[in-house]
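Working notes for the structure below.
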């Protein structure tokens, strides 16, 4: 099973990186969204796979015994999903505003902070 | 209160006085100097109390533990060397504060000046009494910083700013070398205090790190004490007001390097390296400084170059390793502090009273300023080494050290005589030329300097005379203990004003004759030096400018290359590194996973969901219009949620469903406003390298995951949570318990991140002002207008 998941995670990462490398902000954004899922699946698989049994203590027992899914990666991923969503939303609005102000979706042309022909600093004292 | 506590207070007193100086000056004006001078005077009195004990050969140490685990202490060491220094610093310091009161009378920033100079005094005092390495280094750098503030006191002028920066860069850089040297010393000896070092000296000289320590320490000492070729900052430092020049750049701070060499002489000295490097640099500085002094006509610049010369002489004497040399260094150091401080203050008085300090334009001041003239003459006698001054004793002792008949002594004796004769000429040029001859017109009407201006130089000059007349007492209390401390073994100085017929006196006489000849031909010498320097072209001073400019240009070039401002370059660099780490490292260590085993007994619905996820991914990449891209993104997200659901993670699945839905909605909202095509409209040539890189990263992560899952699973944490989630945290859903209980703080941070992101989004949407480029596409503006109408 892990082999299939490794293949899937590899594809997720390849697609995310390919999207991030393009110069157009919408594709970069899509790449960020895919990258979040890629990482989550990586963590999920790294914690080993168990089918169908959620890590919940049932039937008045005090400890979770017997085969159940690993709760730790689930807790980490739960946090990660929420954070990556807020990150995604922020980037989305940032991209929208950048496009609005600079009239371009090409990151090569977004040079406000680092202008193309920035003058060198003064050499005096 | 015991002596240790008082010493500790004395170390802090100048800083306290510095804190109150501005307020005091606001109330009392320039008369605040009388009160502020009490601080250095009190310190002088406190340390003068140690003189008798030190003269008996005792050494006083004290202090407090600072960082005991690192063997670092705040501790002081008072022996003949540090006592002489601290008396000079506090004594001259008191006089300088008084002098500044007169010199900067009415200056709007006089309070700040007092504050700076008192801070410097505290730093310098701390430097010379420090026993611990770290404390010495801290005070060393503090003197560089306060010197920076004082040189740049008149910061409205570019020349002052440049000089301040130059001094800081040169002496601060030297300070870092010193730190490195002290750290090596600390490492190889395990000792952090100077007082414990001499016992370790022999072992140190055998150490393979000896040369490294020596060179680093010399780097610090030579930059601070303006040795050639690091001398150039010192004449430039004359941009500072004259009290600063008199105090920092002749009597005290520039001697810190000499102090360090003297302090380490018993530990590092006596080796061939020491006896070659120090005299070589010293004598070069001596001759170069004296020659450069002759060329100047500005009183302060002439004095600055002779200071450089004197520092060279001191360094030379410290390293010479001949009998009488260390005694001569002790004598000359004291004599120099007294006469040079006085001469600087005289130059300042002349400048203050006439508005001029160019030697060729001054003359005939003897009747207007008789007292200043007398002080100048007295100081010049000492500088020229004539009877009956303290300088004469120093010069006798110097020539006693150099009176051997071997080749080394003779070469050094000849060069020293040359330097001394030139300094003699400069000394009397300064003491005589402005005062004799016909009266000349000056910008200000010249009259005698007020009490505050003549008191300091007069006391210094008279002290020099008194110490010479009572040379027996002076030697017993000051110079002999100092020479003992420098030598690391008992030494006694006995030279007196009664000249003994012998080689030293002959050399001294020859020096005076040569000096008189130089004095009479000063104008010709100056012209000759100007021609020589013009032939040499540019020196280290211009070099400093070139260096700084080169540094800025280099930094700009490096920044432009590494931070070119193109996102795709940054991204490419990042992912190339990721791919290299994921693929090259396992390749190097043969850690690739074994060939994967794709088991066939996977349920069909699971494979189908994976296939849907992959289809969604490819659709995102290939989408030709916005809607397809958004929907495809949703497809892969929901497929991931399904996977979570199938593998026992219902909480994840629900969250993922909600988040993916929200993402699609938000994306759709923004994308419809953007009118952007999501498709990649770049030529194939640009796409292919990206494709290869993406493939490499994907392969890397896939292999990494295979390798991880092939290793045995460590279930320690999982077992912990499974066992205690109900017993300790009373929750049955282990995932939820981890989030809200075991890792509650982490979740709090997560909520904070979400909130901050929300606030940032809100402000990005709301703040419409300050659009950077007014090239908004018309359709968006129109759309916005429509929306506003509806609202």
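Residue numbers (this note's numbering), protein chains in the order written: chain W, 15 to 139; chain P, 4 to 794. C-beta atoms are modelled at their ideal positions from N, C-alpha and C, and glycine is treated no differently.
Counted within 10 angstroms of its Cβ, other Cβ atoms place residue i as buried (16 or more) or exposed
i: residue 160 of chain P; result: exposed
i: residue 654 of chain P; result: buried
i: residue 233 of chain P; result: buried
i: residue 135 of chain W; result: exposed
i: residue 165 of chain P; result: buried
i: residue 663 of chain P; result: buried
Closest residue to residue i among the options (Cα-Cα distance)
i: residue 500 of chain P; options: P/559, P/725 and P/395; result: P/395
i: residue 477 of chain P; options: P/429, P/506, P/397 and P/120; result: P/397
i: residue 68 of chain W; options: P/739, P/595 and P/135; result: P/739
i: residue 717 of chain P; options: W/44, W/84 and W/30; result: W/84
i: residue 94 of chain W; options: W/58, W/108 and W/113; result: W/58
i: residue 11 of chain W; options: W/46, W/135, W/70 and W/108; result: The requested residue 11 of chain W does not occur in the structure, where chain W is confined to residues 15 to 139.
i: residue 646 of chain P; options: W/90, W/39, W/63 and W/75; result: W/63
i: residue 835 of chain P; options: P/50, P/117 and P/350; result: Nothing in the structure corresponds to residue 835 of chain P, since chain P is present only between 4 and 794.
i: residue 595 of chain P; options: P/127, P/711 and P/643; result: P/711
i: residue 546 of chain P; options: P/218, P/236 and P/76; result: P/236
i: residue 283 of chain P; options: P/411, P/5 and P/146; result: P/411
i: residue 462 of chain P; options: P/98, P/618, P/15 and P/23; result: P/98
i: residue 198 of chain P; options: P/742, P/709, P/516 and P/488; result: P/488
i: residue 757 of chain P; options: W/38, W/99 and W/105; result: W/99
i: residue 373 of chain P; options: P/525, P/435 and P/552; result: P/435
i: residue 763 of chain P; options: W/108, W/39 and W/131; result: W/108
Cβ of residue i within 7 Å of any chain W Cβ
i: residue 491 of chain P; result: no
i: residue 729 of chain P; result: yes
i: residue 322 of chain P; result: no
i: residue 426 of chain P; result: no
i: residue 2 of chain P; result: Coverage of chain P is limited to positions 4 through 794, which leaves residue 2 of chain P absent and any answer about it impossible.
i: residue 165 of chain P; result: yes
i: residue 778 of chain P; result: Summary for residue 778 of chain P: the model assigns pLDDT 44, below 50, so the residue's position carries little reliability; its value from the coordinates is reported in the next sentence. Output row for residue 778 of chain P: interface = yes.
i: residue 705 of chain P; result: yes
i: residue 3 of chain P; result: In the structure displayed, chain P extends from 4 to 794; residue 3 of chain P sits before or after that span and is not available.
i: residue 568 of chain P; result: yes
i: residue 769 of chain P; result: no
Chain P within 7 Å of residue i, Cβ atoms only
i: residue 31 of chain W; result: yes
i: residue 123 of chain W; result: no
i: residue 131 of chain W; result: no
i: residue 81 of chain W; result: no
i: residue 47 of chain W; result: yes
i: residue 92 of chain W; result: yes
i: residue 120 of chain W; result: no
i: residue 53 of chain W; result: no
i: residue 86 of chain W; result: yes
i: residue 89 of chain W; result: yes
i: residue 63 of chain W; result: yes
i: residue 35 of chain W; result: yes
i: residue 74 of chain W; result: no
Beta-carbon proximity list for residue i, same chain, < 6 Å, skipping 5 on both sides
i: residue 502 of chain P; result: 508
i: residue 47 of chain P; result: 93 and 94
i: residue 369 of chain P; result: 376 and 438
i: residue 15 of chain W; result: 63
i: residue 444 of chain P; result: none
Residue i and residue j closer than 7 Å at C-beta
i: residue 700 of chain P; j: residue 578 of chain P; result: yes
i: residue 797 of chain P; j: residue 354 of chain P; result: In the structure displayed, chain P extends from 4 to 794; residue 797 of chain P sits before or after that span and is not available.
i: residue 40 of chain P; j: residue 121 of chain P; result: no
i: residue 486 of chain P; j: residue 316 of chain P; result: no
i: residue 187 of chain P; j: residue 212 of chain P; result: yes
i: residue 429 of chain P; j: residue 287 of chain P; result: no
i: residue 382 of chain P; j: residue 464 of chain P; result: yes
i: residue 153 of chain P; j: residue 243 of chain P; result: yes
i: residue 467 of chain P; j: residue 352 of chain P; result: no
i: residue 118 of chain W; j: residue 570 of chain P; result: no
Own chain partners of residue i with C-beta closer than 7 Å, once the 5 adjacent residues on each side are dropped
i: residue 327 of chain P; result: 400, 403 and 404
i: residue 69 of chain P; result: 75, 76 and 77
Cut-off 8 Å between Cβ atoms - residues of its own chain near residue i, not counting five sequence neighbours on either side
i: residue 651 of chain P; result: none
i: residue 23 of chain W; result: 52, 55, 56 and 59
i: residue 808 of chain P; result: The structure shown does not extend to residue 808 of chain P, since chain P is modelled only from 4 through 794, so no value can be given for it.
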